[in-house]
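K.L.:
Please see the structure below; I have some questions.
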Amino acid sequence: MELSIEIFILATLAFGLMAYVIGRLHKQLGSIMTILGSLTIFGGIAYLGFTGGLTGETAYLTFTQFEISEFGLFFAIIVSFVFAMVSFFNPFFIKQYKYPALYSMLFMFSLAGAIGVFFSSNLLYLFFFFEFVVWTSLFLIPMGRSKKAASWYYGFSAAGSFMLLFAILMIYNANNGSFHISGIGSVTGTTQIIVFIFMSGAAFTKLGAFPLHIWLPKVLTNAPDPVSAVFSGGLEKLGAFVALLAIVNMGGIGFIIPSIDMYFGQMIIATLGALTIVFGTLMAIRQDDAKKLLAYSSMSNGGYILVGFSMLTSQGVAGGLYHIVAHAIASTAAFLAIAAVARVAGTTKMKELGGIIHKMPVTYMVYLIAIISMAGIPPMGGFISKWMIFQAVIDKGMIFIAIATVFGSIGSFLYVFRPLAALFLGQELPQFKKTVKEAPFFMLLPMIILSLLSVYTGVLPGVIIDFINKIFVDMQLNYNIVMNGFAIEGYTSGIEGVGPSLLNPLLIACVFGVGVFVAFLIFIVLKKSKKIDLMDTYTAGNFVYTEEHLHYSVDFYAPLERLYEKYIHIMKNFYKSLANKVREFGAFMKYFFFTNKPEITVFWIVALMVFLLWGDVL
Amino acid sequence: MIEILMNIGFGLGVATFGFVLQTAMGGINRKIAARLQKRRGPKWYQEFIDIFKLLSKRATSHGWIFDFGVIMALGGIIGTAMFMPITSSIVAFEGYDNFFIFVYLIAVGMLGMAMSASGSGNPLASIGVMRALTTMLAYEVPFMVVVMTIIKLTGTSSLTGIAVAQQTGDFNWFMIALPLGFIVAVMSLMGMLGKKPFETYIAPAEIASGPMVEYGGKQLGMLFIMHEITIFIEVSLFVHLFLGGAETIIMFLIKYFIVYAVLNLVSNVLGRFKIDQVVTFFFKWPLFFAVVQAMIAIHLGWVI
Amino acid sequence: MESTKYTQPVALSKKQVDRKWWEIGDFFRRNSLWMLMYCTGCCAIELPPAMTSAYDMERLGMGPMATPRQADVLLVTGYLSLKTLRRLIYTYEQMSEPKYVVGFGSCTINGGIYHDSHAVINQLDQYIPVDSYVAGCMPNTEAVMNGFVDLIELIKNKKANGWKNYHTNNAWYKKNQIDALGEVRIKDEFHQ
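Set out below in structure tokens:
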């Protein structure tokens with residue numbers, strides 16, 4: 016079977032319109048349309064993509080051009096999958112929104128835009144779809160807690176879009192009026208550097224990387240809970256897509272730094288990626304809101320993707336691509352788990368929550384698996400990608416980047432553990448003993464699927480590695496990841512007699528399973544323990560009857576936070592003072608140009624006319 | 027299939043060996059410390075008695091996560107130990123003893139223990155976990171930088187590969203080849219083992235032994251087994267990375283004993299840091315030395 | 013002369029097997045006594061010399077522990093006022109079984125010099141079961157060590173059964189506790 020990609024885009028849009036119409040009549044039914052729609056789109060793209068049935072011919076949208084590339088397919092499958100999984104949550108959250116029908120429509124429209132971005136071969140229409148995503152997702156955000164977050168998102172996205180547009184026009188100019196996507200790789204000289212800077216800028220804004228990260232935590236905290244999951248797992252990956260085009264596709268930028276064998280441009284990206292990791296980690300550690308914490312963790316993981324890409328080695332780029340998969344799955348699962356808790360408990364503030372596990376064990380397990388993957392611990396997907404990125408960083412011998420990656424990796428244990436300890440574990444607070452109950456089956460279903468996939472990507476990486484190899488061939492890159500049976504080959508040093516480093520995830524998972532089995536045997540043969548209440552706990556002989564007093568959740572990492580809390584507002588203050596400067600500049604302009612005295616206005620008009628005419632004469 | 031089962035059996039043997047070795051070593055070192063303080067000290071097999079006693083007692087349990095965490099902790103650590111090479115030829119899964127497995131698979135055990143401790147509902151346990159994780163953030167970064175230097179130099183992240191590179195004479199033992207890095211690694215190892223001055227997260231008089239506050243009976247016994255195997259993994263990691271591994275078991279035992287005994291003696295004369303002191307300490311000199319060592323070794327190529 | 017012919021070993025009953033396991037467990041338990049020190053009275057000052065190089069209790073396998081869950085022996089070192097008694101009972105009930113109690117000084121035996129105080133209990137044995145006493149006011153450090161060795165002997169001879177008595181005679185102990193304290197668990201000004 017063969018279908019054009021435009022059918023999918025049109026179908027998505029049609030589903031969106033249907034969801035709107037039906038949603039006007041009945042809220043829930045409209046949101047169920049989003050489930051049907053996104054599942055159909057995901058199923059269709061994945062099935063046809065793997066069987067080679069997708070085509071880029073256009074019959075209806077004749078003004079655009081599509082091309083089926085492996086990396087576009089890669090991204091499209093991930094993002095539509097994330098949309099499909101998150102859409103299961105829509106019916107349960109739809110009541111909270113002011114405009115439920117509009118929500119369902121925009122949800123589908125942003126998916127359509129994302130697919131358009133991934134398959135457009137015309138850069139101008141790529142930009143059009145890019146903007147389409149921004150504009151549709153923009154109105155999803157204010158349906159949550161705060162409207163202000165949307166303006167932050169808009170501000171940064173606008174900056175990113177303009178940078179992308181500028182880069183595209185530069186490419187257009189350099190390629191004699193061709194908007195084709197392959198033109199990115201063929202620009203040279205100063206143009207190349209400018210295009211690189213602007214495209215990376217666009218990627219950084221979308222990915223929420225330092226120093227353009229301010230919007231990400233605001234949006235992910237304040238957006239409706241399912242939308243946060245979509246942003247973190249799906250729409251953020253648009254940034255990774257642009258980053259892949261800019262960093263990998265354009266090749267090395269600038270001169271080579273001899274001692275580490277890296278291009279200067281890539282070095283800058285890697286440094287900014289490393290800063291993103293460190294900033295995200297440090298900020299995530301001190302958050303009290305579980306969603307905000309996960310938002311900063313998304314930022315930090317985006318840094319890993321950038322570091323991986325900028326290494327420009329097989330291990331690095333493959334690690335970055337693998338991290339996109341692993342993080343999309345894990346982060347969506349984590350956000351969904353928190354959303355499920357927020358639905359019944361009414362808050363995501365960790366200091367107000369505690370002991371949720373006793374009522375929501377499945378949600379807890381989903382969250383646990385997700386954070387194991389996010390922290391890069393085997394046997395989950397995140398381990399493999401982090402391992403490959405580590406390999407690449409060591410291979411290049413970049414010490415400071417290595418420090419950042421290690422710091423982010425160990426730091427992620429700290430912050431992902433925080434919601435685990437404060438929100439799920441600890442004392443069961445009395446206010447949740449009655450009200451909280453496990454999420455319904457249709458909310459658990461996507462979460463369980465995501466958890467299983469987290470394990471699958473961590474145990475059998477073969478399918479995804481094959482896909483990544485196909486992407487390398489498709490992008491005409493000279494990279495390749497060799498699979499040795501079930502094992503992934505790491506970097507080969509070139510030193511004689513030393514083979515490549517091997518990682519066998521299946522073996523690790525088996526051995527871990529054996530270990531747990533042995534531990535379980537030890538546990539089960541020994542005397543059964545006496546069940547006691549959570550409140551019956553060591554208090555140095557004191558009698559404590561209040562659960563809150565025995566629940567440690569406020570300022571969890573206080574001693575560590577104290578060490579850097581002076582420095583956390585640097586970037587925010589920078590943007591604030593930048594805003595002030597812009598405002599002052601505007602006031603200054605206003606004073607000169609738009610005064611109440613007509614003669615001054617007339618003078619400026621005349622001056623401008625003279626200037627323009629004079630310029631024309633020259 | 028048979029081969030894999032053999033290997034797994036072999037791996038379990040390594041884990042058991044590690045447990046027995048470290049438990050005996052722990053007893054012997056308690057004896058040494060006692061002799062230094064003019065005491066007779068316990069029997070050398072005291073730690074075995076302690077663990078079996080704990081396993082024989084009737085424990086209390088705070089719910090399923092409390093038990094599940096303990097099983098996950100011990101399971102993760104046993105799994106990690108199964109990958110550990112003892113000598114360059116005695117290794118259960120040849121070629122797969124990747125350094126990163128030890129660093130990250132051990133974390134499963136740690137996560138399990140932390141989860142179980144928090145599940146007990148005691149605030150002191152959560153404080154202990156917080157301190158343990160913070161300490162981990164402190165010591166792991168300089169240590170990883172040093173190890174990455176070694177991996178870059180030897181060109182392999184396989185532990186036996188690194189050990190063989192030192193034995194065949196491509197490199198001196200890395201304690202000689204990378205003297206600054208060695209000092210850093212010793213300090214990090216002290217942190218890993220939770221020896222004074224970095225035992226802030228146990229602190230019995232302050233937070234009532236931290237994560238272990240609610241454990242008694244078999245759960246505590248299993249955590250003790252886990253603790254012994256963890257120490258085995260960390261010390262042998264150090265032996266393979268910096269002391270040239272071992273050709274024979276005897277050499278391994280000697281090196282292991284020396285490393286553990288020296289660290290024990292050092293820790294016996296030190297006091298305890300506060301938790302923020304631990305962090306600032308590790309991020310000051312050890313990290314600086316580690317970076318200097320990496321710069322010298324990788325970019326200048328000066329390896330003794 | 014005994015026959016050398018092979019005889020079928022007699023299968024042990026479940027009770028006998030349990031007993032064997034219990035004896036093995038007792039060996040470990042008596043050689044590894046972890047203490048929880050409830051240092052309310054002056055006798056606590058005898059513990060440091062017992063622990064350090066002068067008497068070195070570690071050679072018996074004993075050592076201090078941080079929480080009641082981990083400990084085997086509860087050391088009650090001296091007089092117990094009513095306020096501390098309820099906390100002692102709470103602590104004792106948190107210990108995991110088998111558990112033992114050692115009473116220090118004459119205060120735990122008959123009230124000692126506080127025998128006529130309205131705020132201090134006289135016989136500890138009325139409230140929680142005590143396995144071994146160390147008499148004296150205050151006891152010598154040798155006596156303290158001797159008390160520990162006595163406890164070890166008691167465990168060996170299966171006579172340290174205080175924790176079982178606490179189960180079987182629980183009603184009696186509870187009655188004594190309530191009589192003295194009113195109620196064991198309290199809601200005072202700190203716990204509304």
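Residue numbers (our numbering), protein chains in the order written: chain U, 16 to 633; chain L, 27 to 330; chain F, 13 to 204. Think of the CB as a built atom: it goes at the ideal place given N, C-alpha and C, for glycine as much as any other residue. Bear in mind the structure is a predicted one, so any value in this text is a computation, not a measurement.
#1: Along the chain, where does the alpha helix (DSSP H) that runs through phenylalanine 324 of chain U open and close?
#2: Quick one: does glycine 441 of chain U have its CB under 9 angstroms from some CB of chain C?
#3: Against chain U, with Cβ distances strictly below 9 angstroms, would glutamine 63 of chain L count as a contact?
#4: Mind pulling the chain U residues with CB within less than 9 angstroms of histidine 88 of chain L?
#5: Run through chain U and tell me which residues come within less than 8 angstroms of threonine 79 of chain F, C-beta to C-beta.
#6: Quick one, which residues of the region 50-77 of chain F are near chain L if we go by CB-CB under 7 angstroms, in chain order?
#7: Measuring CB atoms only, is the region 226-246 of chain U touching the region 273-282 of chain U, in the sense that at least three cross pairs come out at less than 8 angstroms?
#8: Can you tell me which of the three DSSP states lysine 186 of chain F falls into?
#9: Would you mind sorting glutamate 58 of chain F into buried or exposed? The rule is 16 or more other CB atoms within 10 Å of its CB.
#10: Using the beta-carbon of each residue, which ones in chain U are nearer than 7 angstroms to glutamate 240 of chain L?
#11: Counting beta carbon pairs with one atom in the region 44-58 of chain L and one in the region 129-138 of chain L, are three or more of them shorter than 8 angstroms?
#12: Thinking just about the alpha-carbon of each residue, which of L:Tyr286, L:Gly195, L:Gln303 is nearest to the one in phenylalanine 224 of chain L?
#13: Closer than 8 angstroms by beta-carbon distance: list the chain L residues that pair up with glutamate 35 of chain F, in chain order.
#14: Following the continuous alpha helix (DSSP H) through glycine 117 of chain F, name the residue where it begins and the one where it ends.
#15: Could you tell me whether any non-hydrogen atom of the ligand SAH is closer than 8 angstroms to the CB of glycine 426 of chain U?
#16: Report, in whole angstroms, the separation of the C-beta atoms of methionine 403 of chain U and glycine 397 of chain U, which I expect to be a contact under 8 angstroms.
#17: Would you tell me roughly how many angstroms separate the C-alpha atoms of asparagine 294 of chain L and phenylalanine 116 of chain F, rounded to the nearest one?
#18: Could you tell me the boundaries of the alpha helix (DSSP H) in which valine 146 of chain F lies?
#19: Could you tell me the distance, in whole angstroms, from the CA atom of phenylalanine 350 of chain U to the CA atom of lysine 168 of chain F?
#20: Using the rule of at least 16 other Cβ atoms within 10 Å of the residue's Cβ for burial, across every protein chain shown, is aspartate 304 of chain U buried or exposed?
#21: Just verifying my parser: in three-state terms, what is the DSSP assignment at proline 241 of chain U?
#22: Within the 9 angstroms Cβ cut-off, does tyrosine 487 of chain U reach chain F?
#23: Please list the segments of the beta strand (DSSP E) lying wholly inside the region 80-112 of chain F, counting only runs of 3 or more residues, in order along the chain.
#24: Is the Cβ-Cβ distance between threonine 328 of chain U and phenylalanine 415 of chain U less than 9 angstroms?
#25: Whole angstroms are fine: how far does the CA of alanine 172 of chain F sit from the CA of valine 29 of chain F?
#26: Count the other C-beta atoms from every protein chain shown that fall within 10 angstroms of the C-beta of methionine 27 of chain L, then say buried if there are 16 or more, exposed otherwise.
#27: State the start and end residues of the unbroken alpha helix (DSSP H) segment that holds alanine 61 of chain U.
#28: Give the secondary structure of methionine 365 of chain U by DSSP, where H, G and I count as helix, E and B as strand, and everything else as coil.
#29: Pop quiz: serine 125 of chain U and leucine 222 of chain U are said to be a contact at Cβ under 8 angstroms. What is the actual Cβ separation, rounded to whole angstroms?
#30: If you draw a straight line from the C-alpha of leucine 326 of chain L to the C-alpha of phenylalanine 200 of chain L, how long is it?
#31: Once DSSP output is grouped into helix, strand and coil, what is the label at phenylalanine 558 of chain U?
#32: Thinking just about the alpha-carbon of each residue, which of L:Phe119, L:Gly138, L:Gly243 is nearest to the one in phenylalanine 40 of chain F?
#33: Enumerate in chain order the residues of its own chain whose CB-to-CB distance from valine 381 of chain U is below 6 angstroms, with the five nearest sequence positions on each side excluded.
#34: Just how far apart, CA to CA, sit alanine 234 of chain L and alanine 143 of chain L?
#35: Please report the Cβ distance between serine 119 of chain U and alanine 34 of chain U, rounded to the nearest whole angstrom; I am assuming they are in contact, meaning their Cβ atoms lie under 8 angstroms.
#36: Between leucine 44 of chain U and isoleucine 109 of chain U, what straight-line distance do the alpha-carbon atoms span, to the nearest angstrom?
P.N.:
On the basis of the data shown:
#1: Where phenylalanine 324 of chain U is concerned, the enclosing alpha helix (DSSP H) stretches over 305-325.
#2: Given the protein chain composition of this structure (U, L and F), no chain C is represented.
#3: no
#4: Lys546, Ile547, Asp548, Leu549, Asp551, Thr552
#5: Tyr553
#6: Ser65, Asp68, Glu70, Arg71, Gly73
#7: no
#8: Under the three-state reduction of DSSP output, lysine 186 of chain F falls in the helix class.
#9: With 16 or more Cβ atoms within 10 Å of its Cβ, glutamate 58 of chain F is classed as buried.
#10: Thr552, Tyr553
#11: Inter-segment contact for the region 129-138 of chain L and the region 44-58 of chain L is absent: fewer than three beta-carbon pairs are separated by less than 8 angstroms.
#12: L:Gln303
#13: Result: empty, since nearest Cβ-Cβ is about 11 angstroms, beyond 8 angstroms.
#14: 117-122
#15: The ligand SAH is absent from the structure shown, which contains no ligand whatsoever.
#16: That belief does not hold up - the Cβ atoms of methionine 403 of chain U and glycine 397 of chain U are roughly 11 angstroms apart, past 8 angstroms.
#17: 31 angstroms
#18: It is not in any alpha helix (DSSP H) - valine 146 of chain F instead sits in the beta strand (DSSP E) that spans 144-146.
#19: 57 angstroms
#20: buried
#21: helix
#22: It should be pointed out that residue 487 of chain U corresponds to phenylalanine in this sequence rather than to tyrosine. Closer than 9 angstroms: no.
#23: If we require 3 residues or more, the beta strand (DSSP E) runs fully inside the region 80-112 of chain F come out as 85-89.
#24: Taking 9 angstroms as the Cβ cut-off, threonine 328 of chain U and phenylalanine 415 of chain U do not qualify as a contacting pair.
#25: 21 angstroms
#26: exposed
#27: 42-66
#28: helix
#29: 17 angstroms between Cβ atoms; not a contact.
#30: 17 angstroms
#31: coil
#32: L:Gly243
#33: Ala348, Ala352, Met462, Ser466
#34: 13 angstroms
#35: 4 angstroms
#36: 10 angstroms
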